[in-house]
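Start counting the sequence shown at 0; every next residue gets the next number (numbering that gives the first Met the number 0).
Glycine included, C-beta positions come from ideal geometry on N, C-alpha and C.
Bear in mind the structure is a predicted one, so any value in this text is a computation, not a measurement.
A short write-up of the structure that comes next.
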Amino acid sequence: MNENTYTFDLLTLFPALFDGLRSESLLGKALQSGALDLQTHNWRQWTTDRHNTVDDLPFGGGPGMVLKPDPIVACLRELRPQRDPRTPVVLLSPAGRLFRQDLAEQWAQGPGLILLCGRYEGFDARVEQHVDQVVSIGDYVLNGGEVAAMAIIEAVARLLPGVIGNSASLTEESHSSGLLEHPHYTRPREFEGAAVPEVLLSGNHAEIDRWRRRQSLLRTKLRRPELLQGLTIDKKDRAWLDAEWAQLQTAAAGQGGDRD
Ligand code: SAM
């Protein structure tokens, strides 16, 4: 660890779930190099009763158990003064603001991140008064916040210097430009009758760039059309996209289905 180390603090009842992330792949290497630090805090240790109780029945009735506010807030109170005061404290919840690439980019500016991983029915609502943001990784419900935290760790960590080798690949990826990334191809040139697009073999980099930009537009229009709203698109690219789109619609109508 050094003064540039980016620290992820995970408040979790299941710290062992992060063991794989610690040891594998680029993240494992970044942890070893000191670019990253990943610390788990099992807030059960901050309970004060004989049974180390972290949850209780919901007031007003209903199914499931609710995570008590007292141990998690006690854990946070001990942790926060040990971290840079600018470190965001984020509560993970399917009822939170959606996590997107722009938030990953903002958080990657440092100095670290404190993530609260819920379980059961989630946290007592009063815990929200002790965090900076409530964040969801998508419109679905997981059993716990640990997998959500891992998704956020990967998205943020790969933007940090020293974590991913090729920084050019970061700027070309889906969502970094507001569009989905173009398709990729590698060897063999032909696979089960499907050939690599000729232009990629041409060596003409201007043509390749144009093809990629347009494929990126087309893919976005097909899969995530809402991302195109408000985006400025070059006139020629727009004309190409409209023509390609019309052609696809005609082909789909002929086959009685959609293409994806
Ligand atoms: N009762 C909660 C609701 O309906 O909003 C769901 C609780 S969920 C079963 C348990 C925990 O998993 C949550 O407290 C949260 O930490 C985590 N979790 C589940 N889905 C998530 C998502 N989409 N994004 C972030 N965290 C999530």
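Contact fails between the stretch 187–203 and the stretch 56–73, because fewer than three Cβ pairs, one in each stretch, are under 8 Å apart. In the three-state reduction of the DSSP assignment, HIS183 falls in the coil class, being assigned neither a helical nor a strand state. The stretch 93–101 makes no contact with the stretch 44–58: fewer than 3 CB pairs, one atom from each, lie closer than 8 Å. LEU200 places its beta carbon 8 Å or farther from that of LEU115. Residue pairing from DSSP places TYR5 in a beta bridge opposite LEU35. Taken through DSSP and simplified to helix, strand or coil, VAL126 comes out as helix.
The Cβ-Cβ distance between MET0 and GLY27 does not fall below 8 Å. As the crow flies, the alpha-carbon of TYR5 is around 37 Å from that of LEU56. CA-CA distance, ARG213 to ARG79, rounds to 47 Å. For VAL89, the shortest separation between its Cβ and any heavy atom of ligand 1 does not lie below 7 Å.
Where PRO93 is concerned, the enclosing beta strand (DSSP E) starts and stops at 88–97. Here LEU240 really is in contact with LEU216; their C-beta atoms are around 5 Å apart, less than 8 Å. Burial check for GLU145: the Cβ neighbour count within 10 Å reaches 16 or more, so the residue is buried. PHE122 and LEU90 do touch by the CB rule: their CB atoms are close to 7 Å apart, below 8 Å. Taking the Cα of ALA154 as reference, the smallest distance to any Cα among ASP138, SER173, LEU230 is reached at SER173. Collapsing the DSSP output to three states places GLU120 in coil.
Contact check for VAL162 and LEU247: beta-carbon distance about 38 Å, past the 8 Å limit, so the pair fails to qualify. Distances taken from the Cβ of ILE152 to the heavy atoms of ligand 1 include none shorter than 7 Å.
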